[in-house]
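Okay, structure first, notes after.
Protein chains: 2
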Amino acid sequence: MSVARDAGLQEGVLRIVPLGGIGEIGKNMTVIEYGDDIVVVDAGLMFPEEEMFGIDLVVPDVTYLRQRRHKVRAFLITHAHEDHVGGLPYVLPEFPGVPVYASTLARGLLGNKIKEHKLHDNPLIALEPRQSVQLGPFTATPFRIGHSIPDAMGLALRTPLGLIVHTGDFKFDHTPVDGKLSDFHELARYGAEGVLCLLSDSTRAESPGYTPSERTVGEAFRDIMAGLDGRVIVATFASNIARIQQVFDAAGDFRRRVTVIGRSMEQNTRIAVDLGYLRYPAGQLVSKDRIRDVPDGELVIATTGAQGEPMAGLARMANRDHRFVEIQPGDTVIVSASPIPGNEEMVGRTIDNLFKAGANVFYHTIKRAHVSGHASQEELKLMLNLTRPRYFIPIHGEFRMLVQHGRLAAEVGVEPGNIFIIENGQSIEFLPDGSARRGQRVEAGYVFVDGLSVGEVGDVVLRDRRELAHDGMFLIVVTVDKQTGNLVGRPEIVTRGFVAEVDQRLLDGAMDRIARSIENPGDHISEIGLLKAQIKDGLSQYLYERTKRRPMVFPVVVEV
Amino acid sequence: MSVARDAGLQEGVLRIVPLGGIGEIGKNMTVIEYGDDIVVVDAGLMFPEEEMFGIDLVVPDVTYLRQRRHKVRAFLITHAHEDHVGGLPYVLPEFPGVPVYASTLARGLLGNKIKEHKLHDNPLIALEPRQSVQLGPFTATPFRIGHSIPDAMGLALRTPLGLIVHTGDFKFDHTPVDGKLSDFHELARYGAEGVLCLLSDSTRAESPGYTPSERTVGEAFRDIMAGLDGRVIVATFASNIARIQQVFDAAGDFRRRVTVIGRSMEQNTRIAVDLGYLRYPAGQLVSKDRIRDVPDGELVIATTGAQGEPMAGLARMANRDHRFVEIQPGDTVIVSASPIPGNEEMVGRTIDNLFKAGANVFYHTIKRAHVSGHASQEELKLMLNLTRPRYFIPIHGEFRMLVQHGRLAAEVGVEPGNIFIIENGQSIEFLPDGSARRGQRVEAGYVFVDGLSVGEVGDVVLRDRRELAHDGMFLIVVTVDKQTGNLVGRPEIVTRGFVAEVDQRLLDGAMDRIARSIENPGDHISEIGLLKAQIKDGLSQYLYERTKRRPMVFPVVVEV
């Protein structure tokens, strides 16, 4: 990758640099820079992809920010989903004192993170929709927007060169569960004022039409619950407070009580209740250790694990591995989610196990008890037509989604030359004369969180894990006499993940090959490095010939 | 698993044992047994799942057949897809002389497999739809059925206890590309005659309605090609001859020539042409090394890799790693497939790379240029209503699909108690009095093909690979003086996949921990095994404390 020779920022130029979330789903982070000032929108994490063996989390590479530490004025949070805030614990320690701005619920949910990670050096400041804060030359004003978590906001950023609108994650829900509409009027005002650049959520740019209202999920819950006399278990995302509200509402209509099970969901529910984002009649919530007192026909269990996560509530209940709930015949399970790409197999397996345990299961292909939190094509066009931006950068999505979103923008009249389909790290610069161009490309890859370390595990370690995973390892310890160069005793072999039992002939052949490596040392006998290389090459080749497998071969030579 | 204490087969009892393909997608195999005779329907393979590290293929466990080798009369092949015939090379060598029955095209496609794997001990015998063959007490008569490969057949098996109908993979296509209809009349006759048991394909039992005709794909091809002046690249399955026929037909309508690229697709195309299953005007096919002579606007390239397979045609073209074709701006790519669950990420990445290389891409979410080869719910009900079976076993599909298919059967009137939702290895026994019951459960797990070995790699090897993949390995070689028990020289450390660079403090701490293990040997100094265990435990614990990772720790003690 060609990177980070810092060209410096020319005077009067506004630079936008996506450090995450574009060309990928997750670890969202956008940098906006002018003169000596930078604001950062969101700091998310990404869950590791299949081939990132053993990695716990992926966070954005903030080399660019680190090199400009003195410029960073604020982190502005659009909403408290992990792909927008999960990187904070790994990023903030490098920016002590820099404030984090967020809305009420986001601050509530962030509170725990801050406690857990001891991030007390960064003030967490309230910023509600339509409130403004001055940050160097920028005025930041969030606007309310619909999403699968209450209090989600987009961001209007007034800069010396014009207005930047960043949607965050959004959909337009005309009948939101909490009654709080997206701020169409404010968006229209921006359009009237003139928007220099729109950055807009592309997650569902491939989906035609409109994303249905969250309220339709409540209707599906009621359809399913009508007439049931067994328990109902609803699995969904822990942060989707509106969804949990609808579980309470639907349950109430059938005189059912609700218990919430799953660490993150219990925590979020508590915070949402405290802050007034979740309401239910006194006595409807029942604690999980008292559900045995509630008749099956009067209980709804809300839990986590709708993505098939093996350690979450639903999978454990399906596998009879849960402390409070075991699936029993007569149970009805609603998986209120669609599998995120990559999770299909895990979700399928969990559903299979629920059926095997005797439950009736409603899931994405059978009964839609889920809607997306992201805007479909008609909503994306509405966003474009309300804000009428001069320049457009599709964000939040895989490359193909950015391409589709770019097409929509062109369809509604954005000048095709003013649409930037870019990848993470590609900066866009806005010039005082009103023009814009691709600027330098900066470091914006993956930083891996693995165990206690951040950034220490890199591509080499992953490549080794991949190789070890593929054909295992074959280690040989050879003892040689320092004086004569002769083999002393029998070599010792340790092998794992290669074959179940090393067959004696294979072993003899390997020994033979090694003995030959040692007997023909040429004039290199004194060089252990060369001897090792000979053993490694000879042995690798031999094992491949005999098994068509390529375990990692490690020769160790002990001189005595 | 409780298995294979063979209860023996009672006289007059008919037994059906699925050894693969139910509760999973792939490695289809059904055993039908009566008295001293067995016929086997299909012998497929399965591609490894995500957590089967390094495994090349999965084939059925045929322990049950091996124990009854003398009974096996025939393998009956429904069609030549890998999940129905790919296991033959690994299974047939155990059953020399047992004939394989298949239709014309299946025999053509199997020919190569037989040559490659030298399976000349098993006669490959023609069996066309409506022809019958007597196999001990069984009369087998295949019937024509629609699917995503020509010449697909289901199987009517007349047994002493009644008629068994096995659908194979199927859909009802009223306008098939080759004009050969599913044999509705024969199926209706079975229904009139009386069907003891139906085994039917459940792959799409979750999909409401009808699966569209293959012919609709040709229409989509034409819609896309109309008015294009660049190259068109169509990626699809190598065995879908009807799809390839439609590429030729649509290309012909726009005066385009066609080249076929990809080893398996080239091979299949050649066989299909030879046998008369693929037709095009003389001169329309152009060899891949001559495509530079054809103007872009007059060329269609048919290729493999529609599932995003990194080594297949499409991914290599996207990555500029293909000998004959590099994607260039102006190219139009049609991905004529839907991602098989588990492949979504790979497919997505390939599409992203095609866009990045400048192509316009039509894929499953944008323009449906693909239809399934499997029956949706209305077709499944039609199959049930035509055959009117007394007993029903849904096959070919994940457990949840079997459950849905079972519900459809109950809806159309099959007695709920006569519907068997079972897993691989669960036998069903039919008694002379017309009743049926669950019989013994037999071995029917996975046999892994890994490199040259079949069945040698088992769960232990996979568990080791998984552990190695997760946190890597940490090997320590300690030399001790045989007499004194003292450490000689410095221990040697080899580590891979654990941390990028072993930090000196970590190393010192590890050494310290090891030294302590050795200094406090108690009275076990002479026991190397115990010493190793001490080193391993101490070191594992130390590394976990310091890094929160658990590499596999291998202690080697060399005595001198």
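For the record, the sequence lines run as chains A and B. Going left to right, the first sequence walks through residues 42 to 601 as the numbering used here numbers them. Going left to right, the second sequence walks through residues 42 to 601 as the numbering used here numbers them. Ideal Cβ placement from N, Cα and C applies to all residues, glycine included. None of these values were measured; they are calculated from a predicted model.
Short CB-CB distance (under 7 angstroms) between B/Gly-492 and chain A:
On the second sequence, position 451 is the one that residue 492 of chain B refers to. For B/Gly-492, a Cβ of chain A is located within less than 7 angstroms of the residue's own Cβ.
By the three-class DSSP mapping on this structure, what secondary structure does B/Phe-461 have?
Start at 1 with the first residue of the second sequence, and residue 461 of chain B comes out as number 420. Assigned with DSSP and collapsed to three states, B/Phe-461 falls in coil, not helix or strand.
message = Using a Cβ-Cβ distance cut-off of 7 angstroms, determine whether B/Ile-566 contacts chain A.
response = Numbered from its first residue, the second sequence carries residue 566 of chain B at position 525. With a pLDDT of 49 at B/Ile-566, under the threshold of 50, the modelled position of this residue cannot be trusted, and the question is left open.
- Task: In angstroms with no decimal places, state the Cα-to-Cα distance between A/Glu-503 and A/Phe-539.
- Result: Position 462 of the first sequence, counted from the start, is the residue given in the question as residue 503 of chain A. Position 498 of the first sequence, counted from the start, is the residue given in the question as residue 539 of chain A. Reading the sequence as shown, one finds Leu at residue 503 of chain A and not Glu. So the two alpha carbons sit approximately 19 angstroms from each other.
Candidates B/Val-490, B/Glu-350, B/Lys-577: which alpha carbon is nearest B/Val-518's?
Position 477 of the second sequence holds residue 518 of chain B. The residue with the shortest Cα to Cα distance from B/Val-518 is B/Lys-577.
message: Between B/Leu-165 and the ligand GTP, is there a pair consisting of the residue's CB and a ligand heavy atom that are separated by less than 6 angstroms?
response: Among the components of this structure there are no ligands whatsoever, and the ligand GTP is therefore not found.
Practice task
Pick helix, strand or coil for A/Gln-172, following the three-state DSSP scheme.
Solution key: If you number the first sequence from 1, residue 172 of chain A lands on position 131. Three-state DSSP puts A/Gln-172 in coil, outside helix and strand.
Same chain only: Cβ atoms within 6 angstroms of A/Leu-98, ignoring 5 sequence neighbours per side: Numbered from 1 along the first sequence, position 57 holds the residue referred to as residue 98 of chain A. Correct list, in chain order: Leu-86, Val-490.
* Taking the DSSP output, what are the residues bridged to A/Met-306? -> As a first step, residue 306 of chain A is located in the first sequence; it is residue number 265 there, counting from the start. Answer is none; A/Met-306 lacks a bridge partner.
Tell me the DSSP secondary structure of A/Ile-407 in three-state form.
Taking the first sequence and counting its residues from 1, one reaches residue 407 of chain A at position 366. Residue state for A/Ile-407 is assigned as coil, using DSSP reduced to three classes.
Exercise for review: Give the range of the beta strand (DSSP E) segment to which A/His-415 is assigned.
Suggested key: As a working note, residue 415 of chain A is residue 374 in the first sequence. Careful: A/His-415 lies outside any beta strand (DSSP E) and carries neither H nor E.
Segment limits, beta strand (DSSP E) that includes A/Leu-516: Mapped onto the first sequence, residue 516 of chain A falls at position 475. Note, A/Leu-516: beta strand (DSSP E), 514-521.
* **Where A/Thr-391 sits in the DSSP three-state scheme** => Reading the first sequence from its first residue, position 350 is the one you call residue 391 of chain A. It is helical.
Margin query: Is B/Val-376 close to chain A? Criterion is C-beta to C-beta, closer than 7 angstroms.
Written below: Position 335 of the second sequence holds residue 376 of chain B. It does not; no Cβ of chain A falls within 7 angstroms.
Of all the residues that make up the region 67-91 of chain A, which are near chain B by a beta-carbon distance shorter than 9 angstroms?
Listed by position, the residues of the region 67-91 of chain A near chain B (Cβ gap below 9 angstroms) are Glu-90, Glu-91.
Residues sharing a beta bridge with B/Tyr-432, DSSP:
Here residue 432 of chain B refers to the residue found at position 391 when the second sequence is read from its first residue. Paired residue(s): B/Cys-238.
**Asked** Residue range of the alpha helix (DSSP H) that B/Glu-260 falls in?
**Response** In the second sequence, residue 260 of chain B corresponds to position 219, counting from 1. Per DSSP, B/Glu-260 belongs to the alpha helix (DSSP H) from 256-266.
If you check the beta carbons only, do B/Leu-319 and B/Gln-287 fall under 7 angstroms apart?
Residue numbering aside, residue 319 of chain B sits at position 278 when the second sequence is read from its first letter. Residue numbering aside, residue 287 of chain B sits at position 246 when the second sequence is read from its first letter. The answer is no: Cβ separation not under 7 angstroms.
Comparing C-alpha positions only, which one of B/Phe-289, B/Arg-230, B/Lys-397 sits nearest to B/Ala-323? The residue given as residue 323 of chain B occupies position 282 in the second sequence. If we check each option's Cα against that of B/Ala-323, B/Phe-289 comes out closest.
- Item | Inter-residue CB distance, B/Thr-277 and B/Lys-212 (contact presumed, cutoff 8 angstroms) | In the second sequence, residue 277 of chain B corresponds to position 236, counting from 1. In the second sequence, residue 212 of chain B corresponds to position 171, counting from 1. Between B/Thr-277 and B/Lys-212, the beta carbon gap of about 17 angstroms keeps them out of contact (Cβ cut-off 8 angstroms).
field: For A/Gly-250, the nearest candidate out of A/Leu-421, A/Leu-269, A/Asp-270 (CA to CA)
entry: Working through the first sequence from its first residue, we reach residue 250 of chain A at position 209. Taking only the C-alpha atoms, the option nearest A/Gly-250 is A/Leu-421.
_Residues of the region 430-446 of chain A in Cβ contact with chain B at a cutoff of 8 angstroms, in chain order, please._
Hits within the stretch, in order: Glu-439, Phe-440, Arg-441, Val-444, Gln-445.
Q: Can you say whether A/Arg-272 is buried or exposed, counting buried as having 16 or more other CB atoms within 10 angstroms of its CB?
A: Within the first sequence, numbered from 1, the residue matching residue 272 of chain A stands at position 231. For A/Arg-272, the number of other beta carbons within 10 angstroms of its own is at least 16, and it is reported as buried.
Can you have a look at B/Glu-508 and say buried or exposed, based on whether 16 or more other CB atoms are within 10 angstroms of its CB? Within the second sequence, numbered from 1, the residue matching residue 508 of chain B stands at position 467. Label assigned to B/Glu-508: buried.
- Confirm, please, whether the CB-CB distance from A/Leu-395 to A/Val-366 is below 7 angstroms. The sequence position of residue 366 of chain A within the first sequence is 325, counting from 1. The sequence position of residue 395 of chain A within the first sequence is 354, counting from 1. In this structure, A/Leu-395 does not lie closer than 7 angstroms to A/Val-366 by Cβ.
Can you confirm whether B/Lys-156, when its beta carbon is compared against all beta carbons of chain A, has any partner nearer than 7 angstroms?
On the second sequence, residue 156 of chain B is found 115 positions in, with the first residue counted as 1. For B/Lys-156, no CB of chain A lies under 7 angstroms from its own CB, so it is not counted at the interface with that chain.
- Query: Unbroken alpha helix (DSSP H) runs of length 4 or more, entirely within the region 43-125 of chain A: which are they?
  - Reply: Whole alpha helix (DSSP H) segments, 4+ residues: 104-107.
Check: Going along the chain, which residues of the region 345-369 of chain A sit with their C-beta nearer than 7 angstroms to a C-beta in chain B?
Finding: Under the 7 angstroms Cβ criterion, the region 345-369 of chain A contributes no residue.
Task: Where the alpha helix (DSSP H) containing A/Ile-282 begins and where it ends - done: As a first step, residue 282 of chain A is located in the first sequence; it is residue number 241 there, counting from the start. For A/Ile-282, the uninterrupted alpha helix (DSSP H) segment begins and ends at 282-294.
Subject >> Range covered by the alpha helix (DSSP H) that runs through A/Gly-152 >> reply: Sequence index remark: in the first sequence, residue 152 of chain A carries index 111 (1-based). Segment 145-158, the alpha helix (DSSP H) holding A/Gly-152.
Item to complete: Please state whether DSSP places B/Lys-221 in a helix, a strand or coil.
Response: Here residue 221 of chain B corresponds to residue number 180 of the second sequence, with the count starting at 1. Coil, per DSSP.
Just the Cα atoms here: how many angstroms apart are A/Leu-571 and A/Val-521?
-> On the first sequence, residue 571 of chain A is found 530 positions in, with the first residue counted as 1. On the first sequence, residue 521 of chain A is found 480 positions in, with the first residue counted as 1. One alpha carbon belongs to A/Leu-571, the other to A/Val-521, and they sit about 14 angstroms apart.
Note to self: Short of 6 angstroms in beta carbon distance, which residues of its chain neighbour A/His-158, apart from the five on each side in sequence? Order them along the chain.
What the structure shows: For the purposes of this step, residue 158 of chain A is taken as the residue at position 117 of the first sequence. Excluding positions up to five away in sequence, the list reads Pro-130.
Next on the checklist: So the candidates are B/Ala-167, B/Thr-200, B/Pro-178, B/Thr-208; which of them puts its Cα closest to the Cα of B/Phe-184?
Outcome noted: As a working note, residue 184 of chain B is residue 143 in the second sequence. Measuring from the Cα of B/Phe-184, the nearest candidate turns out to be B/Thr-208.
| said: Only counting the same chain, and skipping five residues up and downstream in sequence, which positions put a Cβ closer than 6 angstroms to that of A/Gly-354? | reply: If you number the first sequence from 1, residue 354 of chain A lands on position 313. Only Ile-302, Gly-303, Thr-344, Thr-345, Gly-346 meet the Cβ criterion.
**Report entry** Option nearest A/Asp-102 by Cα separation, candidates A/Ala-84, A/Pro-89, A/Phe-88, A/Glu-92
**Finding:** For the purposes of this step, residue 102 of chain A is identified with residue 61 of the first sequence, where counting begins at 1. Relative to the Cα of A/Asp-102, the nearest Cα in the group A/Ala-84, A/Pro-89, A/Phe-88, A/Glu-92 belongs to A/Ala-84.
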